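Numbering-wise, this note's numbering puts 202 at position 180 of the sequence shown, and it's gapless, one number per residue. All C-beta atoms, glycine included, are put in the ideal place defined by N, C-alpha and C. Note that this is a predicted model, so its numbers are computed, not measured.
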Amino acid sequence: WLNFKDALQTFHIQKDFSASFTVFFFLGLTRIVDMGTGVSSQIILTSTRWRFEFNSGILLLVASLGINYLLTSRLGILGPALSNLIAFTAYNTVRFVFLWRRYGMQPFSKESLYTLLLGAASCCAAYFPCKDHTGFGWLILRGTLFCALFVPGVVLLKLSPDVAPIWATVKKRVGIGNRQSGIGN
């Protein structure tokens, strides 16, 4: 999303596709919502309450079809993207509440919020200084700048326990070793 408009210009893609900017944004938000609560499905499926996952999946299908039809007829191309965001948000909210009430579990922590804030800040820091420039080099610069801010931020702030083993492997392969100073120690 960071490079969407510039990529359309740089690669000479039809101008009609620029209307899909908002669609692309809503589809991205849908993936973030689904990834944020994605483990809920496996937890429910392996529990004695697996029927809840099945029934909520049927509910998602029915809701998606209905909302999709209504919003597509009213909003055109934006309709399906917004429909998916609404349906998946409702679906994942139901699963979230179910897990919280039934098992006292929920996938979010303060680190989840910090990760979102870091991502938004990194996006802004990569986008705004480069927003008036176009071309392949600027696409790469924006992407590199985002990664250069976000990845070390996640490692240094220890926002995800999943990152530590990956960072240890990277350090080992690069030959950084077990020094006591540096990123992530």
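Determine the DSSP secondary structure at residue i, reduced to helix, strand or coil.
i    : result
P183 : coil
D154 : coil
F130 : coil
A41  : helix
W122 : helix
Q31  : helix
L92  : helix
C169 : helix
N11  : Coverage of the chain is limited to positions 23 through 207, which leaves residue 11 absent and any answer about it impossible.
R71  : coil
I99  : coil
G197 : coil
S203 : For S203, the predicted structure reports a pLDDT of 49, less than 50, and the residue's modelled location is therefore unreliable. The matter cannot be settled from this model.
N106 : helix
Q64  : helix
N77  : helix
Check whether the Cβ atoms of residue i and residue j lie closer than 8 angstroms to each other.
i    : j    : result
R123 : S62  : no
F110 : G141 : no
F168 : A148 : yes
P129 : T68  : no
C152 : R164 : yes
I54  : L121 : no
F46  : F26  : yes
So residue i packs on residue j, CB below 8 angstroms; how close in whole Å?
i    : j    : result
D56  : N114 : 6 angstroms
L30  : S40  : 6 angstroms
S144 : G175 : 7 angstroms
I86  : N106 : The question names Ile, but residue 86 in the sequence shown is Ser. Contact holds; Cβ gap of about 7 angstroms.
Do we get a CB-CB distance below 8 angstroms when we pair residue i with the residues of chain D?
i    : result
L179 : In the structure shown, chain D does not exist; there is a single protein chain.
Segment contact, 8 angstroms Cβ cut-off, at least three pairs: the region 68-78 with the region 50-58: no
Using a Cβ distance threshold of 8 angstroms, determine whether the region 100-108 contacts the region 150-161, with at least three qualifying pairs required. no
With contact counted as at least three CB pairs below 8 angstroms, one residue from each stretch, are the region 135-155 and the region 75-86 in contact? no
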